[in-house]
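A quick write-up on the structure given underneath.
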Amino acid sequence: MGPVSRWCIVATLIASGAATANAQDSAVTSLTEAERLYGLSLIWKEADYNFPLFAKLPALDWDSAYQAFLPQVLEAETTVEYYRVLTRFAALLRDGHTQVLMPPWVYQQHMFDQPKIRVTSAEGRPIVWNVEAPLASQIPLGSEILAVDGVPVDEYLEREVYPLMRGLSVRFRRSFAMAGWYVNGVGLLWGPAGSQVAVTVRTQDGDERTVTVTRDSSSRRSAWVRDFPSNDPFEFRWLDDAVAYVALNTFGDRAQEERFDSIAPELHRAAGVIIDVRRNSGGSNGIPRRITARHLTSDTLMGARWRTRINNAAHRAWGRWEREYEPYYTGDAWNEVEPDLVIPDATVPKLQVPIVVLIGRSTGSAAEDFLVWLDGLANVTLVGEPTAGSTGQPLFIDLPGGGSARILTKHDTYPDGREFLGVGIQPDVLVERTVSDVVEERDGMLEHAIEILRQRMR
904 MGPVSRWCIV
914 ATLIASGAAT
924 ANAQDSAVTS
934 LTEAERLYGL
944 SLIWKEADYN
954 FPLFAKLPAL
964 DWDSAYQAFL
974 PQVLEAETTV
984 EYYRVLTRFA
994 ALLRDGHTQV
1004 LMPPWVYQQH
1014 MFDQPKIRVT
1024 SAEGRPIVWN
1034 VEAPLASQIP
1044 LGSEILAVDG
1054 VPVDEYLERE
1064 VYPLMRGLSV
1074 RFRRSFAMAG
1084 WYVNGVGLLW
1094 GPAGSQVAVT
1104 VRTQDGDERT
1114 VTVTRDSSSR
1124 RSAWVRDFPS
1134 NDPFEFRWLD
1144 DAVAYVALNT
1154 FGDRAQEERF
1164 DSIAPELHRA
1174 AGVIIDVRRN
1184 SGGSNGIPRR
1194 ITARHLTSDT
1204 LMGARWRTRI
1214 NNAAHRAWGR
1224 WEREYEPYYT
1234 GDAWNEVEPD
1244 LVIPDATVPK
1254 LQVPIVVLIG
1264 RSTGSAAEDF
1274 LVWLDGLANV
1284 TLVGEPTAGS
1294 TGQPLFIDLP
1304 GGGSARILTK
1314 HDTYPDGREF
1324 LGVGIQPDVL
1334 VERTVSDVVE
1344 ERDGMLEHAI
1354 EILRQRMR
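Under this note's numbering, read the sequence shown as residues 904 to 1361, first letter to last.
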């Protein structure tokens, strides 16, 4: 992602406070028909002019979809339902940087919630990795969710979750759907706060049972079976006398550069280094650019090549009759931009030891830009799962009723033209999370990374 930090988006929305608590989910008469149509039309227009990935969606007729959604926004009975319709419309574009964001009061007041069960994707299956203590006897850790409200998981995801879910990568969408996203209240176990949901599970012992639980995770306190992972943006520790571990969990915090600078003398004592960006969903790509230039390369590195659409009104008009300008008429005129470069900082010593970078399904945006630069380094090995496959600069737009949307505006590739949007950056060594990893609370990817790094250190 470009200069706008992904992690600043939610904070900005909260601060904006465009919708007040007392107007909250009143009947949609608080938005006029004209306003409702305008919101949908604004998303359609900005995507039609700016979205760069229509070629990846050959089955999508964007104009026909717009027409089909016109009556739906008028039929919505509440502001929240209206925004759900807009969310489904934007989700047709299947891009991780293109989405509708609910008005802040929706998530500030926890209008959507999930039960006190946390789910992750392991071996492609929805596995319970944490649960409140009172539920643990009924839904033990490691249980696989088989059905929701009597509907098999895959069918439920296709019907109830994926139509509201952003992202083109199948792996990313499935993982994201299982974990859920609080801002829009979308996910496998998410629904209206206070509602009940029947969860059918198979335990590690093979027992199948259905447990009815309440979606009240935000309103009720009770102990969890496990502690939650740290939210620290930066972690550093020694794994042994030779291997240093650094987790860069965000590129949305400029202090990351100073933190990396501060541990650099320690890293130069290591025989091998592990850099973990599995939880890094992006921020500003200027941060990894500077970290790479200062500490990781002595050579100039090429980053992503990208292109963005050109809208020239006169050329579009001429393009109806003149072949030279036809791409403008059809919306297929592009500004092609050469790969951005990382120029090494010659004043700082560089890490020359073997480096393993841990990547995963949540690695996205500016963290993927980071990996594209590292593709040119012989001492770097990527280990883990394919990344989210989503980077680029979104255009932010305000919507009636206090919400907003963002639309992707550029199409990034590797400098040689290889695609990673929608498929993810592939690891050099594939290591997937297993069910036993979840049950035993073991970081199997890190264990593999250590083993691979030791082989490189010999």
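Every residue, glycine too, gets a C-beta built ideally from N, C-alpha and C.
Values in this document were obtained by computation on a predicted structure and should not be read as measured data.
{"query": "Work out the CA separation of V1022 and P1029 for me, nearest whole Å.", "result": "6 Å"}
{"query": "Here's the rule: buried if 16 or more other CB atoms are within 10 angstroms of the residue's CB, otherwise exposed. What is S1265?", "result": "buried"}
{"query": "Per the contact definition of three or more C-beta pairs closer than 8 Å, is the stretch 963 to 980 in contact with the stretch 1313 to 1323?", "result": "no"}
{"query": "Can you tell me whether DSSP reads P1055 as helix, strand or coil?", "result": "strand"}
{"query": "Kindly indicate the opening and closing residues of the alpha helix (DSSP H) around T1233.", "result": "1229 to 1233"}
{"query": "Could you check which residue in I1213, E938, A1352, G1222 has the C-alpha nearest to that of D951?", "result": "I1213"}
{"query": "Taking 8 Å as the cut-off, does the stretch 1342 to 1354 touch the stretch 1085 to 1095 (at least 3 CB pairs, one atom from each stretch)?", "result": "no"}
{"query": "Is D1179 closer than 9 Å to A1150 when the C-beta atoms are compared?", "result": "yes"}
{"query": "May I ask you to report which of helix, strand or coil DSSP gives Y1148?", "result": "strand"}
{"query": "I need the DSSP call for T1290, collapsed to helix, strand or coil.", "result": "coil"}
{"query": "Exposed or buried, which one is A1352 when buried takes at least 16 other CB atoms within 10 Å?", "result": "buried"}
{"query": "If you compare alpha carbons, which of D1016, N1087, W947, K1313 is closest to W1209?", "result": "K1313"}
{"query": "Given a cut-off of 9 Å on the beta-carbon distance, is the pair I1048 and V1102 in contact?", "result": "yes"}
{"query": "Report the residue from S1268, R997, E938, P955 whose alpha carbon sits nearest the alpha carbon of L973.", "result": "E938"}
{"query": "Nearest to V1116 by CA position, among G1304, E1350, Q1041, is which residue?", "result": "Q1041"}
{"query": "Give the straight-line distance between the Cα atoms of D1164 and E949, rounded to the nearest whole angstrom.", "result": "41 Å"}
{"query": "Looking at the structure shown, is A1352 part of a helix, part of a strand, or coil, going by DSSP?", "result": "helix"}
{"query": "Could you check what DSSP says for D1301 in three-state terms: helix, strand or coil?", "result": "strand"}
{"query": "Give the straight-line distance between the Cα atoms of E1354 and K1019, rounded to the nearest whole angstrom.", "result": "36 Å"}
{"query": "Is DSSP giving S908 helix, strand or coil here?", "result": "For S908, the predicted structure reports a pLDDT of 39, less than 50, and the residue's modelled location is therefore unreliable. A value from the coordinates is still provided. Coil at S908, not helix or strand."}
{"query": "Since P1168 is in the alpha helix (DSSP H), which residue starts that stretch and which ends it?", "result": "1158 to 1170"}
{"query": "At the level of alpha carbons, what is the spacing between G1287 and V1338?", "result": "15 Å"}
{"query": "Please identify the residue among D1110, G1325, N1215, E1138 whose C-alpha is closest to the C-alpha of Y1231.", "result": "N1215"}
{"query": "Taking the straight line between their C-alpha atoms, what separation do you get for N1033 and W1127?", "result": "7 Å"}
{"query": "May I ask which residues mark the beginning and end of the alpha helix (DSSP H) holding D951?", "result": "936 to 953"}
{"query": "According to DSSP, which residues form a beta bridge with P1095?", "result": "F1015"}
{"query": "Just verifying my parser: in three-state terms, what is the DSSP assignment at W1224?", "result": "coil"}
{"query": "Taking only three categories from DSSP, how would you classify Q1002?", "result": "strand"}
{"query": "When the distance is taken between beta carbons, is Y1065 closer than 9 Å to A1050?", "result": "no"}
{"query": "Does the beta-carbon of S1201 have 16 or more other beta-carbons within 10 angstroms, so that it is buried, or is it exposed?", "result": "exposed"}
{"query": "The beta strand (DSSP E) with I1262 in it runs from where to where?", "result": "1258 to 1262"}
{"query": "From the DSSP output, in three-state form, read off G888 for me.", "result": "This structure gives no information on residue 888, because the portion of the chain shown stretches from 904 to 1361."}
{"query": "Check for me: the alpha helix (DSSP H) holding T990 runs from which residue to which?", "result": "982 to 994"}
{"query": "Rounded to a whole number of angstroms, what is the C-alpha to C-alpha distance between Q1255 and N1282?", "result": "7 Å"}
{"query": "Can you list, in chain order, the residues of its chain whose CB lies under 7 Å from that of N925, leaving out five sequence neighbours each side?", "result": "Only weak support is given to the placement of N925: the predicted model assigns it a pLDDT of 41, under 50, and the question is left unresolved by the model."}
{"query": "Any idea what DSSP makes of V1034, helix, strand or coil?", "result": "strand"}
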